[in-house]
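Chemist:
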Amino acid sequence: MKSNSMLLEELYGHYGTMVYNLALNYVQNVEDAEEITQDVFLAVFDNLKNFQEQSSHKTWIYRIAINKSLDFIKHKNSKKRWFIFGAKADNEAVFARVSDFNHPGVLLEQEEAVKQIFEVINSLPENQKTAFLLAKLDGLSNPEIAAVMETTISAVESLLFRAKGTLKQKLEKNN
Amino acid sequence: MSMETNFTSEPWEQSLAQVRKVNPSPELFKRIQNAIPTHEKVSNLTVWLVAASLIALVAVNFLILQHKSATATETKLKLVESNLNQSNQLYY
Chain A
1 MKSNSMLLEE LYGHYGTMVY NLALNYVQNV EDAEEITQDV FLAVFDNLKN FQEQSSHKTW
61 IYRIAINKSL DFIKHKNSKK RWFIFGAKAD NEAVFARVSD FNHPGVLLEQ EEAVKQIFEV
121 INSLPENQKT AFLLAKLDGL SNPEIAAVME TTISAVESLL FRAKGTLKQK LEKNN
Chain B
1001 MSMETNFTSE PWEQSLAQVR KVNPSPELFK RIQNAIPTHE KVSNLTVWLV AASLIALVAV
1061 NFLILQHKSA TATETKLKLV ESNLNQSNQL YY
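Protein chains in written order, with this note's numbering: chain A, 1 to 175; chain B, 1001 to 1092.
#1: 9 Å is my cut-off, CB to CB: does residue 1035(B) come that close to chain A?
#2: Using a cut-off of 9 Å between C-beta atoms, extract the partners of residue 31(A) located in chain B.
#3: Report the rounded CA-to-CA distance for residue 1095(B) versus residue 3(A), giving the unit in angstroms.
#4: Say whether chain A places a C-beta atom closer than 9 Å to the C-beta of residue 1044(B).
#5: Does the beta carbon of residue 143(A) come closer than 9 Å to any beta carbon on chain B?
#6: Relative to chain A, which residues along the segment 1063-1086 of chain B have a C-beta separation below 7 Å, given in chain order?
#7: Is there at least one Cβ from chain B nearer than 9 Å to residue 92(A)'s Cβ?
#8: Please state whether DSSP places residue 96(A) in a helix, a strand or coil.
#9: Do residue 19(A) and residue 61(A) have their C-beta atoms closer together than 9 Å?
#10: Using a threshold of 9 Å, state whether the C-beta atoms of residue 163(A) and residue 129(A) are closer than that.
#11: Can we say the segment 1053-1071 of chain B touches the segment 25-41 of chain A, given the rule of at least three CB pairs closer than 8 Å?
#12: Checking the sheet assignment: what are the DSSP bridge partners for residue 102(A)?
#13: One question on the structure: do residue 123(A) and residue 79(A) come within less than 9 Å of each other, judged by their Cβ atoms?
#14: If you follow the alpha helix (DSSP H) that residue 142(A) is in, where does it begin and where does it stop?
#15: For residue 21(A), does the count of other Cβ atoms within 10 angstroms reach 16, so buried, or fall short, so exposed?
#16: Listed in chain order, which residues of the segment 1008-1025 of chain B have Cβ atoms closer than 9 Å to some Cβ of chain A?
#17: On the premise that residue 39(A) lies in contact with residue 68(A), defined as a C-beta separation below 8 Å, what is that separation, rounded to the nearest angstrom?
#18: Indicate whether at least one CB of chain B lies closer than 9 Å to the CB of residue 169(A).
#19: Mind checking if residue 1057(B) is an interface residue toward chain A, Cβ cutoff 9 Å exclusive?
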């Protein structure tokens, strides 16, 4: 029988890049994506005993990665609000680091355009953003997204439809 | 008509399609491995054993203190008694 450390190494080998890229698409920052990836695999390690084979490892790790990314963003946003309105508002250096765009997967000549698109993606409601990122950047099919998000395929179609509509509208307005 | 066909490939969709997948730093897994020992949970059995040991230690301390104070009282009484009974005289 494999030890938990060996199993973790195997899972990281299979899904490490997937988790890292998903986190990167959520936060668009290398340091933050690494922090999220670390949190995800620590959670995986902690819950290996409780993992039930009802879903695949991939679906299970996707769910953990999505939850960790959303939690990370909420935590950062609350920090940001504190920096803006709270007593630490004069700490400009830390605030600048919070909102850095640093996505190594984006070509240099497209950085400005993609940054603008991500700004609109970031303004979408959580479930629309998740469905959109999984479909457009991770290339998952609608049934796969439905399994990860524990919803129906028609709900995923609806989320994607609304997300694309909002993106199209906001990007046209910006241009 | 399905919802999907309402949108043809927009320029922004083409830009997003060019976002590449990247590999995480090779150091990242080492960092995760290093974080595991400090992150490991203490088992419930250990927590209960430690708690029971502490309670037992406090109880033993309490009993020893009680026994000591009882012995001290007894010794004092004996001392007073022996001082009183150095002679058989009741009156000086």
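Where a beta carbon is used, it is the ideal one built from N, C-alpha and C, also for glycine.
Modeler: In brief:
#1: Chain A contact via Cβ: present.
#2: Here the premise fails: no neighbours, minimum Cβ distance about 10 Å.
#3: Since the first residue shown for chain B is 1001 and the last is 1092, residue 1095(B) is missing from the structure and cannot be characterised.
#4: It does not: the Cβ of residue 1044(B) has no partner Cβ on chain A nearer than 9 Å.
#5: Taking Cβ atoms only, chain B never reaches closer than 9 Å to residue 143(A), which makes this a no.
#6: Cβ contacts with chain A come from no residue of the segment 1063-1086 of chain B.
#7: With a pLDDT of only 43 at residue 92(A), under 50, the local geometry of the prediction cannot be trusted, and the value read off the model is given with reservation. The Cβ of residue 92(A) sits no closer than 9 Å to any Cβ of chain B.
#8: Bear in mind that a pLDDT of 39 at residue 96(A), under 50, signals an unreliable position, so the model cannot answer this.
#9: Taking 9 Å as the Cβ cut-off, residue 19(A) and residue 61(A) qualify as a contacting pair.
#10: In this structure, residue 129(A) lies closer than 9 Å to residue 163(A) by Cβ.
#11: With a cut-off of 8 Å, the segment 25-41 of chain A and the segment 1053-1071 of chain B do not count as touching, because too few Cβ pairs lie within range.
#12: Answer by DSSP bridge pairing, in chain order: 29(A).
#13: No. Outside cutoff.
#14: For residue 142(A), the enclosing alpha helix (DSSP H) starts and ends at 142-149.
#15: Buried.
#16: Here the close residues are 1010, 1011, 1012, 1013, 1015, 1016, 1017, 1018, 1019, 1020, 1021, 1022, 1023, 1024, 1025.
#17: Here residue 68(A) really is in contact with residue 39(A); their C-beta atoms are around 5 Å apart, less than 8 Å.
#18: No Cβ of chain B is located within less than 9 Å of the beta carbon of residue 169(A).
#19: Not flagged as an interface residue toward chain A: residue 1057(B), since no C-beta distance is shorter than 9 Å.
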